[in-house]
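Protein chains in written order, with this note's numbering: chain A, 1 to 329; chain B, 1 to 329.
We put the beta carbon where it would ideally sit given N, CA and C, even for glycine.
Treat the numbers as computed from the prediction; the structure is a model and nothing was measured.
A short worksheet on the structure shown next.
There are 2 protein chains.
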Amino acid sequence: MRDGFPEIDDVIDAARRIAGHAVVTPLLRSDALDGIAGGQLLIKAEPLQRTGSFKFRGAFNRISRLSDAEIKSGVVAWSSGNHAQGVAAAAALVGSPATIVMPSDAPTPKVENTSALGAKIVSYDRYAESREQIGTAIAKEQGATIVRPYDDPWIIAGQGTVGLESAAQAAALGTVPNQALVPCGGGGLIAGCALALKDHLPEIAVHPVEPAGFDDTTRSLACGARQANDPDARSICDALLAPEPGELTFAMNRERLSPGLVVSDAEAETAMRLAFRHLKIVAEPGGAVALAAALSGRISCADKTTLIVISGGNVAPQQFEHALDSDVP
Amino acid sequence: MRDGFPEIDDVIDAARRIAGHAVVTPLLRSDALDGIAGGQLLIKAEPLQRTGSFKFRGAFNRISRLSDAEIKSGVVAWSSGNHAQGVAAAAALVGSPATIVMPSDAPTPKVENTSALGAKIVSYDRYAESREQIGTAIAKEQGATIVRPYDDPWIIAGQGTVGLESAAQAAALGTVPNQALVPCGGGGLIAGCALALKDHLPEIAVHPVEPAGFDDTTRSLACGARQANDPDARSICDALLAPEPGELTFAMNRERLSPGLVVSDAEAETAMRLAFRHLKIVAEPGGAVALAAALSGRISCADKTTLIVISGGNVAPQQFEHALDSDVP
Chain A
1 MRDGFPEIDD
11 VIDAARRIAG
21 HAVVTPLLRS
31 DALDGIAGGQ
41 LLIKAEPLQR
51 TGSFKFRGAF
61 NRISRLSDAE
71 IKSGVVAWSS
81 GNHAQGVAAA
91 AALVGSPATI
101 VMPSDAPTPK
111 VENTSALGAK
121 IVSYDRYAES
131 REQIGTAIAK
141 EQGATIVRPY
151 DDPWIIAGQG
161 TVGLESAAQA
171 AALGTVPNQA
181 LVPCGGGGLI
191 AGCALALKDH
201 LPEIAVHPVE
211 PAGFDDTTRS
221 LACGARQAND
231 PDARSICDAL
241 LAPEPGELTF
251 AMNRERLSPG
261 LVVSDAEAET
271 AMRLAFRHLK
281 IVAEPGGAVA
291 LAAALSGRIS
301 CADKTTLIVI
311 SGGNVAPQQF
321 EHALDSDVP
Chain B
1 MRDGFPEIDD
11 VIDAARRIAG
21 HAVVTPLLRS
31 DALDGIAGGQ
41 LLIKAEPLQR
51 TGSFKFRGAF
61 NRISRLSDAE
71 IKSGVVAWSS
81 GNHAQGVAAA
91 AALVGSPATI
101 VMPSDAPTPK
111 VENTSALGAK
121 IVSYDRYAES
131 REQIGTAIAK
141 EQGATIVRPY
151 DDPWIIAGQG
161 TVGLESAAQA
171 AALGTVPNQA
181 LVPCGGGGLI
191 AGCALALKDH
201 LPEIAVHPVE
211 PAGFDDTTRS
221 LACGARQAND
231 PDARSICDAL
241 LAPEPGELTF
251 AMNRERLSPG
261 LVVSDAEAET
271 AMRLAFRHLK
281 IVAEPGGAVA
291 LAAALSGRIS
301 CADKTTLIVI
311 SGGNVAPQQF
321 EHALDSDVP
């Protein structure tokens, strides 16, 4: 850790800390998907992570470092569902009461699973209220610790274990990824992954992938300063709807990331369907955007090895069925 | 190998042979599923295997041992789809032409995937014709090698690597499974798994799980001799519709297996839905029967650690959607 920024040693330390609690998710391959993308894909399957997304990694890395007094006073987080479940599971493991501020339109399974993990849920209107303000007020009132979704060096270091594992798994397969495609909301996952991947593979190009209408990181990287999204934008990729890049995450990402890629909701659904068919995993819309970028030709994968992160699989049956019924590209 | 029966060294040798070609599939856990089953479940996720089921393991172990002349003359197999894809993929890897005899009502993705792997497909009527007779005639005509779905010691040894990996993964988690539940059609997967598991864990009880109407192994174990299924029986578990236990597999299974369990198609669908929700993997009906047995209380999992094999995930979208719409137990 230096000046509040995580370093590679923090990612390695996070990997040690989560070992035995988090799943070492597999790096999957599919000849059929390679055929569609026109090059070799290595697919990191985070839907298989505890709580169904990578978010448990950062949450456990953060919460397991709290003091006994802090654990007793509880934790507060805001999230549309994946960070919520990660925080709820990590808090339950260390015995800390958790309160989660969730948008009223969060997918039902995400709300139910968070509640089943023992957390208290507080609802808010995603398009009219500020989740930060609500969460901060609750934390102040209860003396609880805020566990931020991405603008926290321990969270970023925890999410970076996705990159660390992927680099080791690719090496075990005897392959060297030339590029990585990573779903990007607030930018915590890709900040940690780029830190870990570029330490092992200095030449790798790490591209954020965002849903159309929420391309804040893509635009921010292009102009060098944080840009916000249009408040009227909508997308089915509920995990990636942060209003703008994080302060800490963007300071890291502007140093390391290659240009951003943007996919449509329909392309995300096609990727979900192809992951169902060829990988046998359940991807949620936001979780599938990096795969979508490769399969829809938003970036060339020809003559390259492309690492792709599928970041989560918490999706309601109805939404999944809609994706299964989407057309073949 | 002794008197045509595989031994534990053959399973260990198969594991070496498939390394780098087959996926070391993860052993998954879910607090939610443990809650429903009332005990700890360790779930071996073979849908993530190459070709979407465990069948690649046995097929590659068998086909990679063929002589150059045999490889050139090609291989013939009969299968509703999972063995078909396993054989097609293994044959393609060693450069051998493959002909697969598939029932005309096999799920479309299984037929398409087998064809995409380069195999020639020959259709037959599952309820009126003998696949063995058709396959044997083709093999004779072409001088090709028959790759049997289960009654072959190399196939059984290959499938046994599922048990070998599971035992090692359970040990790495610091747990000792008391019982194992394994889907059973012709009995090759469970014959290999019981061989491997009982070598590592002599006390483990290994139960076959079958769909209602296709409980031939359950009844055969109970009376000590091979019993056939009613030819008029039907089930959505297309991977498990063998007419009777294999000769070699039953000779092995009668020595090692605990009593069989039988689940309904509806229970298999509920297990598919719960695997979607809590494990984020795609299970096909036949692949989900062992999980179904645990979740529907066909066997007590209380105060025990239960190893469960989900054997495959090759299912058409429409059938998967039907399962997602099934009721909560």
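Chain-order list of residues whose beta-carbon lies under 6 angstroms from that of residue i (same chain, five-residue window excluded)
| i | result |
| --- | --- |
| T76(B) | A small fix is needed here, since residue 76(B) is Val in this sequence, not Thr. The answer, listed in chain order, is T99, G135, I138, A139, A144, I146. |
| P329(A) | A caution first: P329(A) carries a pLDDT of 45, below 50, which makes its placement in the model unreliable, though a value can still be read off. These residues qualify, in order along the chain: T270. |
| P6(B) | P153, I156, A157 |
| H278(A) | S30, A32, L33 |
| A90(B) | A59, F60, I63 |
| D199(B) | I8 |
| P372(A) | No information on residue 372(A) is available, as it lies outside the stretch 1 to 329 that chain A covers here. |
Outcome for residue i when other beta-carbon atoms lying within 10 angstroms are tallied against a minimum of 16
| i | result |
| --- | --- |
| G86(A) | buried |
| M252(B) | buried |
| P202(B) | exposed |
| D216(B) | buried |
| T108(B) | exposed |
| S79(A) | buried |
| M272(B) | buried |
| S104(B) | exposed |
| G20(B) | exposed |
| V209(A) | buried |
| A222(A) | exposed |
| E165(B) | buried |
| L173(B) | exposed |
| A171(B) | exposed |
| Y150(B) | buried |
| Q133(B) | exposed |
| R131(B) | buried |
| G192(A) | buried |
Per-residue DSSP class, three states only, for residue i
| i | result |
| --- | --- |
| L28(A) | strand |
| M102(B) | strand |
| E70(B) | helix |
| I204(A) | coil |
| P259(B) | coil |
| S53(A) | strand |
| A77(A) | strand |
| E132(A) | helix |
| Q179(A) | strand |
| A242(B) | coil |
| E284(B) | coil |
| I236(A) | coil |
| G312(A) | strand |
| C184(A) | coil |
| Q227(B) | coil |
| P153(A) | helix |
| L279(B) | coil |
| G297(B) | coil |
| G174(B) | coil |
| R65(B) | coil |
| S326(B) | coil |
| R254(A) | helix |
| P107(A) | coil |
Those residues which DSSP pairs with residue i across a bridge
| i | result |
| --- | --- |
| A167(A) | DSSP, once it has assigned bridges, lists no residue as partnering A167(A). |
| F5(B) | R2(B) |
| L41(A) | T306(A) |
| E112(A) | Beta-bridge pairing links E112(A) to no other residue. |
| K120(A) | T99(A) |
| P211(A) | V263(A) |
| A22(A) | A19(A) |
| I146(B) | V76(B) |
Beta-carbon proximity list for residue i, same chain, < 8 angstroms, skipping 5 on both sides
| i | result |
| --- | --- |
| S258(A) | Q179, A205, V206, H207 |
| N94(B) | Looking at the sequence itself, residue 94(B) is Val, so the reference to Asn does not match. Closer than 8 angstroms at Cβ, skipping near neighbours: I63, S64, L66, I71. |
| F214(A) | G185, N229, A233, S235, C237, L240, L241, A242 |
Cβ shell of residue i (< 7 angstroms), same chain only, five flanking positions each side left out
| i | result |
| --- | --- |
| D303(A) | G39 |
| T161(A) | V11, A14, A15, I18, R57 |
| G74(A) | S96, P97, A98, T99, Q142, A144 |
| R219(B) | Q227 |
Q: Determine, using beta-carbon pairs with one atom in the region 246-263 of chain B and one in the region 306-320 of chain B, whether at least three such pairs fall under 8 angstroms.
A: Verdict: no, contact absent.
Q: Could you say if the region 305-313 of chain B and the region 40-60 of chain B meet the contact criterion of at least three C-beta pairs nearer than 8 angstroms?
A: Touching, per the Cβ criterion.
Q. So, do the region 176-195 of chain A and the region 235-248 of chain A have three or more beta carbon pairs nearer to each other than 8 angstroms?
A. yes
**Q.** Three-pair Cβ contact test at 8 angstroms for the region 274-291 of chain A versus the region 39-50 of chain A
**A.** yes
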